[in-house]
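Colleague: First to last, the protein sequences are chains A and B. The first sequence runs 1 to 354 under the working numbering. The second sequence runs 355 to 708 under the working numbering.
2 protein chains.
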Amino acid sequence: MDIFKFEARKHDGRRFIQYGRTPFPADFSFSSEGLARPADWRAPSLRYHAMRDEWVAISTSRNTRPFLPPKEYCPLCPQRDPAFPTEIPVSDRVYELAAFENMFPALAPGEQGPGRCEVVLYSPHHEGTLGGESLEQIEALLHVWQDRSRSLAAEGHTQVFIFENKGAEVGVTLHHPHGQIYAFNHVPPFVAREHDAARAHYVRTGECHICSLAHAEISDGSRVVIETPTVVAHVPFAARYPYEVHVTTRAHRPLFEHLEPQELTDLALVLKRLIFKYDGLFGFPMPYIMAHHQSASTEPNDPTYHWHLEFYPPYRSRDKLKYLAGVESGTGFFVNDTLPEDKAAELRAIAVPF
Amino acid sequence: MDIFKFEARKHDGRRFIQYGRTPFPADFSFSSEGLARPADWRAPSLRYHAMRDEWVAISTSRNTRPFLPPKEYCPLCPQRDPAFPTEIPVSDRVYELAAFENMFPALAPGEQGPGRCEVVLYSPHHEGTLGGESLEQIEALLHVWQDRSRSLAAEGHTQVFIFENKGAEVGVTLHHPHGQIYAFNHVPPFVAREHDAARAHYVRTGECHICSLAHAEISDGSRVVIETPTVVAHVPFAARYPYEVHVTTRAHRPLFEHLEPQELTDLALVLKRLIFKYDGLFGFPMPYIMAHHQSASTEPNDPTYHWHLEFYPPYRSRDKLKYLAGVESGTGFFVNDTLPEDKAAELRAIAVPF
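1) Do the stretch 655-666 of chain B and the stretch 17-29 of chain A make contact, defined as three or more Cβ pairs closer than 8 angstroms?
2) What residue does the alpha helix (DSSP H) around F190 of chain A start on, and which one ends it?
3) Compare the C-beta of L495 of chain B with all C-beta atoms of chain A and state if any pair is closer than 9 angstroms.
4) Does the stretch 574-593 of chain B come into contact with the stretch 687-705 of chain B, if we say contact requires no fewer than three beta-carbon pairs (one atom in each stretch) closer than 8 angstroms?
5) Find the nearest neighbour of M51 of chain A within the set B:H563, B:G684, B:S576, B:G575, judged by alpha-carbon distance.
6) So with Cβ pairs under 9 angstroms, would you call T205 of chain A a contact of chain B?
7) Within this structure, are the beta carbons of R419 of chain B and M457 of chain B separated by less than 9 angstroms?
8) Taking DSSP as the reference, what is the three-state secondary structure of L264 of chain A?
9) Note down the Cα distance separating Y315 of chain A from A551 of chain B, rounded to an integer number of angstroms.
10) The stretch 676-697 of chain B: which residues have C-beta closer than 7 angstroms to a C-beta of chain A, in chain order?
11) Using only the alpha-carbon positions, how far apart do T414 of chain B and G464 of chain B sit?
12) Please confirm whether Y312 of chain A has its beta-carbon closer than 9 angstroms to some beta-carbon of chain B.
13) Run through DSSP, which three-state label would V624 of chain B get?
14) Answer yes or no: do E87 of chain A and G13 of chain A have a C-beta to C-beta separation smaller than 9 angstroms?
15) Which residues in the same chain have their Cβ closer than 6 angstroms to the Cβ of Q18 of chain A, if we skip the five residues on either side of it in sequence?
16) Take the Cβ of A216 of chain A as the centre, count every other Cβ of all protein chains shown within 10 Å, and call the residue buried at 16 or more, exposed below.
17) Quick one: measure Cβ to Cβ for Y677 of chain B and V170 of chain A, integer angstroms, because I've assumed they're closer than 8 angstroms.
18) Are K425 of chain B and H480 of chain B close, meaning C-beta to C-beta below 9 angstroms?
19) Under a CB-based cut-off of 9 angstroms, is T60 of chain A close to chain B?
20) Between which two residues does the alpha helix (DSSP H) carrying C565 of chain B extend?
21) Between the C-alpha atoms of N539 of chain B and P443 of chain B, what's the straight-line distance to the nearest angstrom?
22) Counting only Cβ pairs nearer than 9 angstroms, list the residues of chain A close to F515 of chain B.
23) Should the stretch 247-254 of chain A be regarded as contacting the stretch 321-335 of chain A, the criterion being three or more beta carbon pairs within less than 8 angstroms?
24) Can you give me the Cβ contacts of H49 of chain A inside the same chain, cut-off strictly under 8 angstroms, excluding the 5 residues immediately before and after it?
25) Relative to the C-alpha of V187 of chain A, which candidate in A:P75, A:Q294, A:R37 has its C-alpha closest?
26) Examine the Cβ distances between the stretch 148-168 of chain A and the stretch 263-272 of chain A and report whether three or more of them are shorter than 8 angstroms.
27) Using the beta-carbon count (16 or more within 10 Å), is M1 of chain A buried or exposed?
28) Any beta carbon of chain A sitting closer than 9 angstroms to that of R594 of chain B?
29) Please confirm whether V160 of chain A and K166 of chain A have their CB atoms less than 9 angstroms apart.
30) So, with DSSP's three-state summary, where would you put H252 of chain A?
31) Q137 of chain A and G680 of chain B look like a contact to me (Cβ under 8 angstroms); what is the Cβ gap, rounded to whole Å?
32) Between P443 of chain A and F421 of chain B, what straight-line distance do the alpha-carbon atoms span, to the nearest angstrom?
33) Any idea what DSSP makes of N519 of chain B, helix, strand or coil?
34) What is the DSSP secondary structure of S649 of chain B, counted as helix, strand or coil?
35) Nearest-angstrom Cα distance between R577 of chain B and I58 of chain A?
36) In the DSSP assignment, the alpha helix (DSSP H) including A507 of chain B goes from what residue to what residue?
Structure, rendered in C-alpha cells:
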C-alpha cells in the first residue's frame with residue numbers, strides 16, 4: 001500500500017499532515033485558517049515527582065479543552081463554515097487521514113515541557129470507530145502510525161507512544177474517531193519497567209523478552225484469541241484487566257516502523273477482528289484504551305524488547321466497570337476478578353464474518 | 355485514648371475483631387453465625403506478570419461480591435434479623451469499630467495467594483462518612499489502624515497497606531463507612547519505587563526522603579493546606595491529581611504504629627478538616643481514594659522512608675472527572691490540568707468551624 005502525505009503548518013505554527021492513498025494535487029493547500037490556539041494559551045511544563053522518581057505534566061490550558069461537544073461543533077470534522085472553524089480547514093477537498101499537533105498538549109517543545117503531542121484522525125467521518133473502518137483504511141492508518149513514529153523518533157524523541165481512548169467510560173472528550181501520540185524525551189515509568197525486566201531476561205536467556213512471552217502464549221494456546229501468519233492476539237497469563245488483550249508480531253520487531261507490509265496487512269485484520277469481538281461481548285461498542293509500547297533503547301535494533309499493543313477495556317461484565325481503586329492506584333498491584341483463560345475463550349467464541 | 359478489643363473467629367474461620375473505647379463484658383460473644391463464605395468459594399491466587407515484573411491477583415470469587423445493595427441489605431450493618439445475616443453478628447450489643455477478614459479477598463493465606471485482606475468498619479451507623487465522625491471516633495479509628503498494622507506486621511507481612519475508597523466514582527461497592535487493609539507478603543510496585551527513590555536520596559544526603567520533602571513543603575508554604583504542631587497536609591509539588599493531598603508527620607515515623615498519642619490527636623483533626631474542605635469544594639461529598647504508605651524495610655527503624663497518607667479525589671472540576679486514560683494507564687505518566695499552588699489555595703480558602 002502506498003501512502004501520500006501533504007505537510008503544512010497551521011496558522012498558529014502547529015504541524016499538520018494530511019495522508020491519503022492517492023497523490024495530493026500539486027496546488028493542494030488549506031482553504032481557511034481553522035482553529036488556532038487562544039491568545040492566553042500557556043505551554044505545559046514538567047515537574048519532577050521526587051517521591052516517585054517520575055515526571056508529571058502540568059498543563060493548565062488543557063482544562064479549557066472541548067468536552068463532548070455536539071456533533072455539529074466537532075473540532076475534528078472537516079471545516080464546512082468559516083464561522084465554525086475546526087482543526088481540519090479543508091472544506092473543499094477530501095482527505096483520508098491526518099495528524100496534527102494537539103491544541104492542548106501535555107508535552108510541547110521547549111525546555112520546560114519537552115516532547116510533542118499529536119492527534120491522529122482515523123477518518124473524515126464523525127460517526128464511526130476504528131473497527132468499523134475498512135481493512136484498507138485500517139492498513140492506511142498503520143502506515144500513518146509508522147510514518148509518525150519514524151518521523152518523531154528521527155527528531156530525537158525517546159519513546160513515541162501511540163494510543164487511543166475509546167468511549168466516555170475511559171475519559172474520551174471527543175467522539176470523532178481518533179487516536180493520539182505522545183512523543184516523550186524521557187522513558188515513562190511503565191515502559192522503563194518493561195525494559196528493565198526485558199534486559200534482565202535477555203541477560204539470563206539471550207532472547208527478547210516479548211518474543212519469549214509471545215511464543216510461550218502461542219505454544220500454550222489457552223489464552224490465544226486471534227492468530228494470523230505474522231500477528232497474534234492473546235489475553236496475557238497475568239492479565240490485569242478482565243478483557244485485556246496484547247497484540248504482537250511473531251517476528252522480532254523492536255519498533256513499530258520495523259513491521260513489514262505483510263505484518264501490517266495481518267495487523268489490520270487482527271485489529272478489525274478484535275474490535276468486532278469486543279463489540280459482540282455485551283451488545284454495545286466496547287470502550288477501550290489501546291496502548292503501543294515500543295523499544296526506547298538507543299540501540300537501533302534492540303535485541304531485548306519488541307513492539308506490542310495492549311488493549312484495556314474497562315468493563316468486567318456487561319454492567320460493571322473495573323475501577324483502578326485504592327489498591328491499583330495506591331500500590332500498582334492489580335486485582336483481576338476473572339480467569340484469563342475464561343475471558344480468552346469468551347472472545348474466541350465470538351465468530352467474525354471476515 | 356484507651357482502646358479495647360474483642361477477638362473472635364467467624365464460623366467460616368475468618369478473623370473478627372471488635373474495638374471500643376470501653377471494656378467489653380467478660381461474657382461477650384457473637385449472638386448468631388452471620389454471613390459466611392459460600393460453599394463454592396475459591397481462594398485467590400497470584401500470577402507473575404513477567405513483562406512488568408509484578409504480581410497480579412486472580413480472585414474469581416470477588417466477581418460475586420455484593421454491588422451497591424440497598425441500605426436494608428447492607429452486609430456491613432449490625433445484624434438485626436437472622437434471616438438477613440450480615441458481617442456483624444452482634445444484634446444485641448453495641449460496638450464502635452471492627453476489623454474482619456474480607457469475604458472476597460485478593461490475598462489470602464496459603465502458597466497460592468499469600469497475604470491477607472481485611473475490612474475496617476468506621477462506625478455501626480450506615481449513613482455517615484469518615485469526615486462526619488466525631489474527633490474521638492476518628493482518633494479511635496487511628497488506634498485501630500495502629501493495632502491492625504502492628505498485628506499484621508508481627509505476623510510477617512511486608513507491607514500493611516491501609517486504604518479507603520469513598521464514592522461510586524472510585525468504584526465503591528458498599529456505602530457503609532469503611533476502609534480496607536491489604537497485608538502483602540511482597541512490596542507492591544509503587545511502594546517499591548518510592549523506597550528505591552528514598553534509598554538513593556538517603557545515600558546522597560543522609561536524610562529520610564519523606565522528611566526532606568515534607569520540610570521543603572512546609573518551608574515553601576505555597577502548597578500547604580493544613581498545619582498542626584505535629585501533622586501537616588499539603589498538595590505535592592508534582593501533584594498527579596488536581597486535588598491530591600499528602601498528609602505526614604513532621605517527625606520521622608517509618609511505620610504508622612510509631613505515631614505518638616499527640617500525633618494521632620493532630621492527625622484526627624487534620625483528617626476531619628481535610629474531608630470538610632473537600633466536601634466544601636463543589637457542594638457534594640467529595641469521593642476519594644485514601645492510601646497509606648509506610649516503610650516496607652526489614653530494618654525496624656528505617657532511616658530512609660516514612661509513613662504518609664495520599665488522597666486522590668477523582669474530580670478535576672465540579673462536573674468533570676480526571677480519568678486515568680491512555681497515557682496514565684499505558685505509560686504511568688500523569689497529566690495534571692491544574693496548577694498545584696492554585697488547588698492548595700482553593701482548599702486553604704475553605705474555612706472549617708473546628
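Backbone N, C-alpha and C fix where the C-beta goes; we use that ideal spot for every residue, glycine too.
Modeller: So, from the data block:
1) no
2) 189-205
3) no
4) yes
5) Measuring from the Cα of M51 of chain A, the nearest candidate turns out to be B:H563.
6) Taking Cβ atoms only, chain B never reaches closer than 9 angstroms to T205 of chain A, which makes this a no.
7) yes
8) Secondary structure of L264 of chain A (DSSP, three-state): helix.
9) 34 angstroms
10) Y677, L678, A679, G680, V681, S683, G684, T685, G686, F687, F688, V689, N690, D691, T692, L693
11) 16 angstroms
12) yes
13) V624 of chain B: helix per DSSP, three-state reduction.
14) Against a cut-off of 9 angstroms, the Cβ pair of G13 of chain A and E87 of chain A comes out as no contact.
15) F6, Y95, A98
16) exposed
17) 6 angstroms
18) yes
19) yes
20) 563-574
21) Distance between the alpha carbons of N539 of chain B and P443 of chain B: 30 angstroms.
22) G326, V327, G330, T331, F333
23) no
24) Excluding residues within five positions, the ones whose Cβ falls inside 8 angstroms are W55, V56.
25) A:Q294
26) The answer is no - the stretch 263-272 of chain A does not touch the stretch 148-168 of chain A, with fewer than three Cβ pairs under 8 angstroms.
27) Exposed is the call here.
28) yes
29) no
30) coil
31) The pair is not a contact, with the Cβ atoms about 21 angstroms apart (cut-off 8 angstroms).
32) The requested residue 443 of chain A is not part of the displayed model; chain A covers only 1 to 354.
33) Looking at N519 of chain B - three-state DSSP - the assignment turns out to be strand.
34) coil
35) 15 angstroms
36) 489-508
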